[in-house]
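Student: Going letter by letter, the sequence shown gives residues 45 to 272 in the numbering used here. By construction, the Cβ of each residue, glycine as well, lies at the ideal position given by its N, Cα and C atoms. Note that the coordinates shown come from a computational prediction; the quantities given were computed from them, not determined experimentally.
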Amino acid sequence: MAEWVVCHWTSDAGPTGLPRDLWNMLQRAHYHHPPEYTVAHTNIGPASVEYRARVLILARAYVGSRPLEFTGYGSSLHRAINDAAYIAMAHMLHLHVELATQYPYHPARPLGEEVHLYLSAEREPNHVLRNLVEYVRSSDRYHRVIGLELRQARGRIAHLERLIEPYVRMGQIPRIELYALPANPVPRSAAPTRTTRMTAAEYRGLFKPDDCNTNPFRSKSGSGWRSR
45 MAEWVVCHWT
55 SDAGPTGLPR
65 DLWNMLQRAH
75 YHHPPEYTVA
85 HTNIGPASVE
95 YRARVLILAR
105 AYVGSRPLEF
115 TGYGSSLHRA
125 INDAAYIAMA
135 HMLHLHVELA
145 TQYPYHPARP
155 LGEEVHLYLS
165 AEREPNHVLR
175 NLVEYVRSSD
185 RYHRVIGLEL
195 RQARGRIAHL
205 ERLIEPYVRM
215 GQIPRIELYA
225 LPANPVPRSA
235 APTRTTRMTA
245 AEYRGLFKPD
255 DCNTNPFRSK
265 SGSGWRSR
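This is how it looks when you write it as structure tokens:
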């Protein structure tokens, strides 16, 4: 069985992305301590690493409140942390009814369930918000499916890597790095040119007034193009 190497994740600049949104949600639900993240990683194959992030939410200062812990997975540290924060947000929204009016269209998830629940926006009076909710909901489900397929694919690839590793060591099969740089990098000439800052007057100075004598396809009135 693979061994997990544990490390504690901290950010001097403060949480960003979904961890920041989770902390904002917890403060609205009267939590006084920011969530704590613990990240572990393990080699699932000769060239594949999986990260597991656990987010610990300390109990509120209320009788009966207890700490909660949620787990997320990903192919990178930040992806695993964001996955854990996403799952925690869905559970917290289901646990605390006071968050329903502040996050009406965020996905909720009952404890012990694997399926997220979405509030219908059909009765939303603001048609712009209604369309935005439908779009975000579709994007959310799409990204969840892509994430699940990515993890399943990485698991299959890691299994195949373990099977062919003895032949790779014997030199019978070349080692392939899935996320390595291409063998033939983009030539320097194909790289984008460096941009230059200039004022509006300098920009207009790059162009000369139209000269009908030098442009045979421009009408002398300057109002349109002539056909050949």
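Hey, would you say R88 sits closer than 8 angstroms to A202, going by beta carbons?
Tutor: One detail in the question is off: residue 88 reads as Ile in this sequence, not Arg. Yes, the pair counts as a contact, with Cβ atoms nearer than the cut-off.
Student: Helix, strand or coil: how does DSSP classify V96 here?
Tutor: Position check: residue 96 holds Arg in this sequence, whereas Val was assumed. In this structure, R96 counts as strand in the three-state DSSP scheme.
Student: Between the beta-carbon of G118 and the beta-carbon of Y95, is there less than 8 angstroms?
Tutor: Yes, Cβ-Cβ distance for G118 and Y95 is below 8 angstroms.
Student: Identify the residues that DSSP records as bridge partners of I101: which are they?
Tutor: Beta-bridge pairing links I101 to L112.
Student: Under the rule that 16 or more other beta-carbon atoms within 10 Å means buried, what is V99, buried or exposed?
Tutor: Per the 10 Å Cβ criterion, buried.
Student: Name the one or two DSSP bridge partners that G118 has.
Tutor: BP columns for G118 point to Y95.
Student: State whether the stretch 124–137 contacts the stretch 148–162, with contact taken as three or more CB pairs (one from each stretch) at a distance under 8 angstroms.
Tutor: The stretch 124–137 is in contact with the stretch 148–162.
Student: Give every residue of the same chain whose Cβ lies closer than 6 angstroms to the Cβ of E80, excluding the five residues on either side of it in the sequence, and list them in chain order.
Tutor: Counting only Cβ-Cβ distances below 6 angstroms, and skipping sequence neighbours, we find L100.
Student: Under 8 angstroms between the Cβ atoms of V83 and A124?
Tutor: Cβ atoms of V83 and A124: closer than 8 angstroms.
Student: Comparing C-alpha positions only, which one of R185, Q71, S92 and L194 sits nearest to L102?
Tutor: Taking only the C-alpha atoms, the option nearest L102 is Q71.
Student: Would the beta-carbon of P90 fall within 8 angstroms of that of R206?
Tutor: Yes, they are a contact pair.
Student: Can you tell me whether DSSP reads E80 as helix, strand or coil?
Tutor: Here E80 sits in strand by DSSP.
Student: Quick check on L163: does DSSP put it in helix, strand or coil?
Tutor: Coil at L163, not helix or strand.
Student: DSSP three-state call for N87: helix, strand or coil?
Tutor: Looking at N87 - three-state DSSP - the assignment turns out to be strand.
Student: Restricting to Cα atoms, I'd like to know which of H150, V159 and E193 is closest to Y179.
Tutor: It is H150.
Student: Using the Cβ count rule (16 or more neighbours within 10 Å means buried), how would you classify V177?
Tutor: Flag for V177 reads buried.
Student: For A144, does the count of other Cβ atoms within 10 angstroms reach 16, so buried, or fall short, so exposed?
Tutor: With fewer than 16 Cβ atoms within 10 Å of its Cβ, A144 is classed as exposed.
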